[in-house]
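Trainee: Before I ask anything, let me first share the structure, which is written out below as structure tokens.
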Ligand code: PLP
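Numbering (the working numbering), first residue to last: 7 to 448.
Shown next as structure tokens:
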């Protein structure tokens, strides 16, 4: 018994896994048991554990300058280097980079940047944000309001009404497609619904549309072909900004530099975290276009400051570590490796499409999910989420960490450095757990 208040946990639960160390793609518990980290922690440890080059970089930066901030005219080399690297990498024009500590705070920052920007151009009424069902954008008050999952709202009195969050449907064909509907018809229907929402609210009141290229915590939802093309055509038509939440998809996860590249997204705002530092240090970035930044300069001069910033935003150790991680991604060509290994992993997982419990195998690159269903023919879901949780536990028994989410989907998101033999190990252990889960439910 400790005095922890655990995050995102059933507070009545007593069973806990005490993870004590990690090496490569494996973590170990306090009994010395080894687990293949099939979820990269919380979708974040892309480089795996114990990378000495990263460790050395952190130690060196701590010795050189353990802390400095970015307020009121001060800066430091590690933050400037990281911001310039990110601006050069992203598919955005002359991106400006605001550094934070988590995906949630990056998204909260974006809400404020949007308000600042539209106030600056004389459109204060243009503040609403369209988000999607089953989206996950974090848990701070604004980010949780953008999130579209009930457990992040219930008992917290969220979403926060004053934020003006509007909700549109998730692009999940397997779950939300109508009988007889094709994928293309489904994508058209989602676009029509979006247009109807924009017109009902008034485009002049809507600042941005936020989306994860592939929704992670909602159950790894890969949109149908053409979905983002249709959505972005509407955003351009109604002068609404595209806000791309790359907190999971960024840095190789989808088999390219960003999910935007894989899914054809042209963002005006991007949120980055997780694999930005491969989770060796907490760091995030909220990026906006140079055009947006330019009009924010004068209003900040009127006030005397741009009044937003965190004590730990742009922390020198976090920035130095992130820059090193980006250098390693490039040097080791890890995004290309993720594409190739991703094809291998997705192809191996397709073998489960015939499993009696598996309704859908979905994914792209190094992120995937199996949706467990009560009836394969009718796609009938299980009540509650106990079946996914059971499968997750069976995997754990076999030394594999996966995560059940989005009802009864089992998510996979291994470190990008995983080898072919380790993918085979993952698939073999998952297969055993699936068979045991089947035996348990029948
Ligand atoms: N956005 C997305 C897409 C995420 O998946 C997450 C976390 O899983 C967040 C934002 C929030 O990031 P954090 O947990 O670092 O606050």
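Virtual Cβ for every residue (Gly too), placed ideally from N, Cα, C.
Can you tell me which residues fall inside 7 angstroms of ligand 1, judged by beta-carbon distance to its nearest heavy atom, and keep chain order?
Mentor: Answer in sequence order: 48, 49, 108, 109, 110, 111, 113, 142, 143, 144, 145, 149, 218, 222, 223, 251, 253, 254, 277, 279, 280 and 290.
Trainee: Residues in its own chain within less than 6 angstroms of residue 117 by CB, not counting five upstream and five downstream?
Mentor: By one-based count along the chain shown, residue 117 stands at place 111. Within the same chain, residue 117 has close Cβ partners 148.
Trainee: Buried or exposed: residue 162, going by 16 or more other Cβ atoms within 10 Å of its Cβ?
Mentor: The residue labelled residue 162 in the question sits at position 156 within the chain shown. Classification for residue 162: exposed.
Trainee: DSSP three-state label for residue 446, please.
Mentor: Looking up residue 446 in the chain shown gives position 440. Looking at residue 446 - three-state DSSP - the assignment turns out to be helix.
Trainee: Applying the criterion that 16 or more other CB atoms from any shown protein chain within 10 Å of the CB defines a buried residue, is residue 27 buried or exposed?
Mentor: Against the chain shown, residue 27 aligns to sequence position 21. Exposed: under 16 other Cβ atoms inside 10 Å.
Trainee: Do residue 271 and residue 222 have their C-beta atoms closer together than 7 angstroms?
Mentor: Residue 271 sits at position 265 when you count from the first residue of the chain shown. Residue 222 sits at position 216 when you count from the first residue of the chain shown. Cβ atoms of residue 271 and residue 222: not closer than 7 angstroms.
Trainee: Can you round the beta-carbon distance between residue 328 and residue 282 to whole angstroms, since I take them to be within the 8 angstroms contact cut?
Mentor: The count along the chain shown starts at 1 and reaches residue 328 at position 322. The count along the chain shown starts at 1 and reaches residue 282 at position 276. Yes, residue 328 and residue 282 are in contact; Cβ-Cβ is about 5 angstroms, under 8 angstroms.
Trainee: Quick one: grab the DSSP three-state call for residue 195.
Mentor: Here residue 195 corresponds to residue number 189 of the chain shown, with the count starting at 1. Helix.
Trainee: Just tell me which of 106, 82 and 152 has its CA closest to the CA of residue 315.
Mentor: Residue 315 sits at position 309 when you count from the first residue of the chain shown. Of 106, 82 and 152, the residue nearest in Cα terms is 106.
Trainee: List the endpoints of the continuous beta strand (DSSP E) containing residue 278.
Mentor: Reading the chain shown from its first residue, position 272 is the one you call residue 278. Where residue 278 is concerned, the enclosing beta strand (DSSP E) stretches over 275-278.
Trainee: Per the contact definition of three or more C-beta pairs closer than 8 angstroms, is the region 283-297 in contact with the region 87-101?
Mentor: Cβ pair count under 8 angstroms is three or more, so yes.
Trainee: Taking the beta strand (DSSP E) that residue 415 belongs to, which residues open and close that run?
Mentor: Residue mapping note: residue 415 aligns to position 409 of the chain shown, counting from 1. Per DSSP, residue 415 belongs to the beta strand (DSSP E) from 415-418.
Trainee: Looking at the unbroken beta strand (DSSP E) that takes in residue 35, where does it start and where does it end?
Mentor: Sequence index remark: in the chain shown, residue 35 carries index 29 (1-based). From DSSP, the beta strand (DSSP E) with residue 35 extends over 32-35.
Trainee: Looking only at DSSP bridge pairs, what is residue 251 linked to?
Mentor: For the purposes of this step, residue 251 is identified with residue 245 of the chain shown, where counting begins at 1. Residue 251 pairs with 277.
Trainee: Apart from the five residues just before and just after residue 332, which ones in its own chain have a Cβ nearer than 6 angstroms to its Cβ?
Mentor: Counting from one through the chain shown, the residue named residue 332 turns up at place 326. Excluding sequence neighbours, residue 332 sits near 91.
Trainee: Do residue 226 and residue 351 come within 7 angstroms of each other at the CB atom, strictly closer than that value?
Mentor: Here the question's residue 351 lines up with position 345 in the chain shown. Here the question's residue 226 lines up with position 220 in the chain shown. No, Cβ-Cβ distance for residue 351 and residue 226 is not below 7 angstroms.
Trainee: Can you give me the C-alpha to C-alpha distance between residue 127 and residue 304, rounded to a whole angstrom?
Mentor: What you label residue 127 is simply residue 121 of the chain shown in a count that begins at 1. What you label residue 304 is simply residue 298 of the chain shown in a count that begins at 1. Near 11 angstroms, if we compare the C-alpha coordinates of residue 304 and residue 127.
Trainee: Go to residue 381, then tell me how far its beta strand (DSSP E) extends in each direction, as first and last residue.
Mentor: Residue numbering aside, residue 381 sits at position 375 when the chain shown is read from its first letter. First-last of the beta strand (DSSP E) with residue 381: 373-381.
Trainee: Unbroken alpha helix (DSSP H) runs of length 4 or more, entirely within the region 142-211: which are they?
Mentor: Those alpha helix (DSSP H) runs which fall completely within the region 142-211 and span 4+ residues are 147-152, 179-182 and 189-207.
Trainee: Return yes when the Cβ of residue 228 is within less than 7 angstroms of the Cβ of residue 216, no when it is not.
Mentor: Start at 1 with the first residue of the chain shown, and residue 216 comes out as number 210. Start at 1 with the first residue of the chain shown, and residue 228 comes out as number 222. It is not a contact, given that the beta carbons lie outside the stated cut-off.
Trainee: Rounding to the nearest angstrom, what Cα-Cα distance links residue 54 and residue 244 in this structure?
Mentor: Your numbering for residue 54 matches position 48 in the chain shown. Your numbering for residue 244 matches position 238 in the chain shown. Near 43 angstroms, if we compare the C-alpha coordinates of residue 244 and residue 54.
Trainee: When the distance is taken between beta carbons, is residue 364 closer than 7 angstroms to residue 376?
Mentor: Here residue 376 is taken as the residue at index 370 of the chain shown, counted from 1. Here residue 364 is taken as the residue at index 358 of the chain shown, counted from 1. For residue 376 and residue 364, yes; Cβs fall inside 7 angstroms.
Trainee: With a cut-off of 8 angstroms, do at least 3 Cβ pairs link the region 62-73 to the region 305-313?
Mentor: Touching, no, given that fewer than three Cβ pairs across the two stretches are closer than 8 angstroms.
Trainee: Does the Cβ of residue 411 have 16 or more other Cβ atoms within 10 Å, making it buried, or fewer, making it exposed?
Mentor: On the chain shown, position 405 is the one that residue 411 refers to. Its Cβ being crowded by 16 or more others within 10 Å, residue 411 is buried.
Trainee: I need the straight-line Cα distance from residue 403 to residue 396, nearest angstrom please.
Mentor: Working through the chain shown from its first residue, we reach residue 403 at position 397. Working through the chain shown from its first residue, we reach residue 396 at position 390. Roughly 11 angstroms between the two C-alpha positions.
Trainee: Report buried or exposed for residue 9, applying the criterion of at least 16 other Cβ atoms within 10 angstroms of its Cβ.
Mentor: Here the question's residue 9 lines up with position 3 in the chain shown. Residue 9 should be labelled exposed.
Trainee: Under the DSSP definition of a beta bridge, which residues are partnered with residue 370?
Mentor: The residue labelled residue 370 in the question sits at position 364 within the chain shown. Beta-bridge pairing links residue 370 to 373.
Trainee: Give the DSSP-derived three-state secondary structure of residue 217 in the structure shown.
Mentor: Position 211 of the chain shown, counted from the start, is the residue given in the question as residue 217. Strand.
Trainee: What residue does the beta strand (DSSP E) around residue 42 start on, and which one ends it?
Mentor: Position 36 of the chain shown, counted from the start, is the residue given in the question as residue 42. Its beta strand (DSSP E) spans residues 40-43.
Trainee: I'd like to know whether the C-beta atoms of residue 345 and residue 413 end up nearer to each other than 7 angstroms.
Mentor: For the purposes of this step, residue 345 is identified with residue 339 of the chain shown, where counting begins at 1. For the purposes of this step, residue 413 is identified with residue 407 of the chain shown, where counting begins at 1. For residue 345 and residue 413, no; Cβs fall outside 7 angstroms.
Trainee: Figure out for me which residue from 80, 440 and 34 has the closest Cα to the Cα of residue 321.
Mentor: Here residue 321 refers to the residue found at position 315 of the chain shown. Comparing Cα-Cα distances from residue 321 to each of 80, 440 and 34, the minimum goes to 80.
Trainee: For my contact list, residue 274 and residue 302 are in at a C-beta cut-off of 8 angstroms; report their separation, rounded to the angstrom.
Mentor: On the chain shown, residue 274 is found 268 positions in, with the first residue counted as 1. On the chain shown, residue 302 is found 296 positions in, with the first residue counted as 1. So it is not a contact: roughly 13 angstroms between Cβ atoms.
Trainee: Exposed or buried, residue 425, counting other C-beta atoms within 10 Å across all chains shown (16 or more means buried)?
Mentor: Looking up residue 425 in the chain shown gives position 419. Looking at its Cβ environment, which holds fewer than 16 other Cβ atoms inside 10 Å, residue 425 is exposed.
Trainee: Out of 122, 446, 406 and 448, point me to the one whose CA is closest to residue 433's CA.
Mentor: Mapped onto the chain shown, residue 433 falls at position 427. Ranking 122, 446, 406 and 448 by Cα distance to residue 433 puts 406 first.
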